[in-house]
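Engineer: Residue 314 in our numbering sits at position 304 of the sequence shown, with consecutive numbering throughout.
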Amino acid sequence: MASITIRNLDEAAKRALRERAARNGRSMEEEARLLLAADAGLAPGPDADTGTGQRNAAVRGDSGPDGLAGFAGAGKTVLLILCGGVAAYKSLDLIRRLRERGVTVRCVMTAAARQFVTEMAVGAICGGTVFHDLWDRQAEHDIGHIRLAREADLIVIAPATADFLAKMANGLADDLASAVLLAARRPVLAAPAMNPAMWANPATQRNVRRLADDGVHFVGPERGEMAESGEAGLGRMAEPMAIVARVGALLDTRPRPLSGRKALVTSGPTHEPIDPVRYIANRSSGRQGHAIAAALAELGAEVTLVSGPVGIADPSGVTAVHVETARQMQAAAEAALPVDLAVMVAAVADWRTADSAECKIKKQPGGEPPMLRMTENPDILHGIGHHPARPALVVGFAAETNDVIDNAKAKLARKGADWIVANDVSAEGGAMGGVRNTVHLVSTEGVEDWPDLPKDEVARRLARRVAEWFARREKA
Ligand code: C5P
11 MASITIRNLD
21 EAAKRALRER
31 AARNGRSMEE
41 EARLLLAADA
51 GLAPGPDADT
61 GTGQRNAAVR
71 GDSGPDGLAG
81 FAGAGKTVLL
91 ILCGGVAAYK
101 SLDLIRRLRE
111 RGVTVRCVMT
121 AAARQFVTEM
131 AVGAICGGTV
141 FHDLWDRQAE
151 HDIGHIRLAR
161 EADLIVIAPA
171 TADFLAKMAN
181 GLADDLASAV
191 LLAARRPVLA
201 APAMNPAMWA
211 NPATQRNVRR
221 LADDGVHFVG
231 PERGEMAESG
241 EAGLGRMAEP
251 MAIVARVGAL
261 LDTRPRPLSG
271 RKALVTSGPT
281 HEPIDPVRYI
291 ANRSSGRQGH
301 AIAAALAELG
311 AEVTLVSGPV
321 GIADPSGVTA
331 VHVETARQMQ
341 AAAEAALPVD
351 LAVMVAAVAD
361 WRTADSAECK
371 IKKQPGGEPP
381 MLRMTENPDI
391 LHGIGHHPAR
401 PALVVGFAAE
411 TNDVIDNAKA
421 KLARKGADWI
431 VANDVSAEGG
441 AMGGVRNTVH
451 LVSTEGVEDW
461 PDLPKDEVAR
471 RLARRVAEWF
481 ARREKA
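#1: Can you give me the C-alpha to C-alpha distance between residue 301 and residue 471, rounded to a whole angstrom?
#2: Determine the contact status of residue 407 and residue 354, defining contact as a CB-CB distance below 8 Å.
#3: Could you tell me the boundaries of the alpha helix (DSSP H) in which residue 286 lies?
#4: Using the C-alpha atoms, what's the distance from residue 261 back to residue 107?
#5: How is residue 400 classed by DSSP in three states: helix, strand or coil?
#6: If you draw a straight line from the C-alpha of residue 230 to the C-alpha of residue 249, how long is it?
#7: Please look up how many angstroms separate the CB atoms of residue 268 and residue 477, rounded, as I've assumed it's under 8 Å.
#8: Less than 8 Å between C-beta atoms, sequence neighbours within five positions excluded: which residues of the same chain meet that for residue 285?
#9: Under the criterion of a Cβ to heavy atom distance below 7 Å, does residue 260 qualify as lining the ligand C5P?
#10: Am I right that residue 169 and residue 247 are in contact with their C-beta atoms under 8 Å? What's the rounded C-beta distance?
#11: Is residue 283 near the ligand C5P, going by C-beta to nearest heavy atom under 7 Å?
#12: Using the C-alpha atoms, what's the distance from residue 272 back to residue 378?
#13: Excluding sequence positions up to five away, which residues of its chain have a Cβ less than 7 Å from the Cβ of residue 62?
#14: Which residues in the same chain have their Cβ closer than 6 Å to the Cβ of residue 466, if we skip the five residues on either side of it in sequence?
#15: For the ligand HEM, is there a heavy atom less than 7 Å away from the beta-carbon of residue 448?
#16: Would a C-beta distance cut-off of 8 Å place residue 361 and residue 384 closer than the cut-off?
#17: Exposed or buried, what is residue 130 when buried is set at 16 or more other beta-carbons lying within 10 Å of its beta-carbon?
#18: Which runs of the beta strand (DSSP E), 3 residues or longer, sit entirely within the region 322-369?
#19: Measuring CB to CB, does residue 204 end up less than 8 Å from residue 138?
#20: I'd like to know if the region 281-295 and the region 305-315 are in contact, where contact means that at least 3 CB-CB pairs between them fall below 8 Å.
#21: Pick helix, strand or coil for residue 389, following the three-state DSSP scheme.
#22: Does any heavy atom of the ligand C5P sit closer than 7 Å to the C-beta of residue 360?
#23: Please find out if some non-hydrogen atom of the ligand C5P comes closer than 7 Å to the beta-carbon of residue 177.
#24: CB-CB under 8 Å to residue 363, same chain, minus the five flanking residues each way: which ones, in chain order?
#25: Need the endpoints of the beta strand (DSSP E) that residue 272 sits in, please.
#26: Name the two residues that bound the continuous beta strand (DSSP E) containing residue 433.
#27: With a threshold of 8 Å on Cβ separation, who are the neighbours of residue 392 within its own chain once the five nearest residues in sequence on each side are excluded?
#28: Express the C-alpha separation of residue 324 and residue 275 in angstroms, rounding to a whole number.
#29: For residue 143 and residue 334, I'd like the C-alpha separation in whole angstroms.
#30: Residue 280 and residue 330 look like a contact to me (Cβ under 8 Å); what is the Cβ gap, rounded to whole Å?
#31: For residue 185, which of 479, 95, 446, 91 has the nearest alpha-carbon?
#32: Helix, strand or coil for residue 464 per DSSP?
#33: Measuring only the C-alpha atoms, how far is residue 402 from residue 351?
#34: Does the structure place the region 210-225 close enough to the region 119-135 that three or more beta carbon pairs sit under 8 Å?
#35: Less than 7 Å separating the Cβ of residue 425 from some heavy atom of the ligand C5P?
#36: What do you get for residue 413, buried or exposed, if any count of 16 or more other CB atoms within 10 angstroms of its CB means buried?
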């Protein structure tokens, strides 16, 4: 289909389309394409029920934190700091998305940012002066960097470069952007964007940890292709709508549905040592579990995340406990009790070696390969589901490659869980280690088939379902 020129629609149609698209988390072009395809009978409409009967209410989010109407940040001011990275072009879209939700956006650009996008473009889109010079007498006279910092309800740094994170972590204030941050008493949200090697560098990771300890919130980075041709990995800036969702959550002062509730989430794989250098593991990335921990925290829950070894950052706003083995995970999970709910997402190794060698097992020239004697690991979910301090709601995950639903149903009772989220981890399913997931929510009330969704969206839906469950229980 040829491209659709949204610009040529009349204002009312454009506005209606923009609202629909925002409600459904799509671009306006994608929304228009789906509407046209539905009209021609080629596809179900954009609002079609995709199998759960819940989709519209859940995704629409009219009153949710990132929908257009009732956006929690409406009427508030965000100070957006743009640093020098290719991803700065996405920040132009971020400004638009925030402004159409009623947020006033003030922009500060670093000198490097101005190498990537022009002050003119940023100024035109944010509808105001762009600040960049600490020594600009006029700007200092009009507003001053201290007021710039104080008058914002939230400071967002997007893209946040490795260099700027390093400055922040060390409290430097040698340009307007860093001086504003040092003077700020408002929450700060950083959206890192950099080459994967820079993100993985121990110096950057140290800075990120330090900033997280200082209370800085993070969104992303995401895994994907880099601007440098042929490079891919963890380092892409989060998409503008993901940043908007975090802005909405951070600016939301309404009581949140899971405020006062404690949650335990397990995530990632476990590593079971064979000897000091070798281990047994699986392909779990921790993305789904971490996203669930973040989504529960966004709804106000106090979350303890017990994570196996993963290559992704701890979500902000949760207490993370890092473990390696299943037995350590079990101890950490049980130590987190009592909680109101437990979501056990970790892909725990079912077996470990019965006796891991103290020294590296040597290859003997011409010798037989070593025999590994295995023993079963504790079933952590089973333990929590049958614990004297059993949480009110216990949710397990079932990673299956065949008979997904039947196996999940059998697990419900066996594990002592209230819900099992079943996902297909066969190679074709691609859930293990991937960024999307097709899940089925299995409970004693039946089976809900959810459509193929990004893992973040699966997490948000699950968190909303948890909140509804507690709301219903409170009423009963
Ligand atoms: O039995 P299976 O491994 O398929 O069960 C999956 C569910 O059980 C997941 O929720 C997983 O986190 C949990 N589990 C566990 N401890 C184990 C094995 C699985 O908590 N040892």
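Virtual Cβ for every residue (Gly too), placed ideally from N, Cα, C. This structure is a prediction, so every number in the text was calculated from the model and none was measured.
Structural biologist: Let's see:
#1: 11 Å
#2: yes
#3: That residue, residue 286, is in no alpha helix (DSSP H); it is neither H nor E in DSSP.
#4: 15 Å
#5: coil
#6: 9 Å
#7: 5 Å
#8: 366, 367, 368, 369, 370, 371
#9: no
#10: 5 Å
#11: no
#12: 51 Å
#13: Only weak support exists for where residue 62 lies, its pLDDT of 33 falling under 50; the coordinates are left without a value.
#14: 301
#15: Annotation note on the ligand HEM: not contained in the displayed structure, which lists the ligand C5P as its ligands.
#16: Yes, the pair counts as a contact, with Cβ atoms nearer than the cut-off.
#17: exposed
#18: 329-332, 351-354, 361-363
#19: no
#20: no
#21: coil
#22: Yes, the beta carbon of residue 360 sits closer than 7 Å to at least one heavy atom of the ligand C5P.
#23: Remark: the shortest separation between the CB of residue 177 and any heavy atom of the ligand C5P does not fall under 7 Å.
#24: Closer than 8 Å at Cβ, skipping near neighbours: 282, 283, 284, 290, 382, 383, 384, 385.
#25: Where residue 272 is concerned, the enclosing beta strand (DSSP E) stretches over 272-277.
#26: 429-434
#27: 424, 425, 426
#28: Across the structure, residue 275 and residue 324 are spaced so that their CA atoms are roughly 12 Å apart.
#29: 47 Å
#30: Not really, about 15 Å apart at Cβ, beyond 8 Å.
#31: Comparing Cα-Cα distances from residue 185 to each of 479, 95, 446, 91, the minimum goes to 91.
#32: strand
#33: C-alpha separation (whole angstroms): 6 Å.
#34: no
#35: For the ligand C5P, at least one heavy atom lies less than 7 Å from the Cβ of residue 425.
#36: exposed
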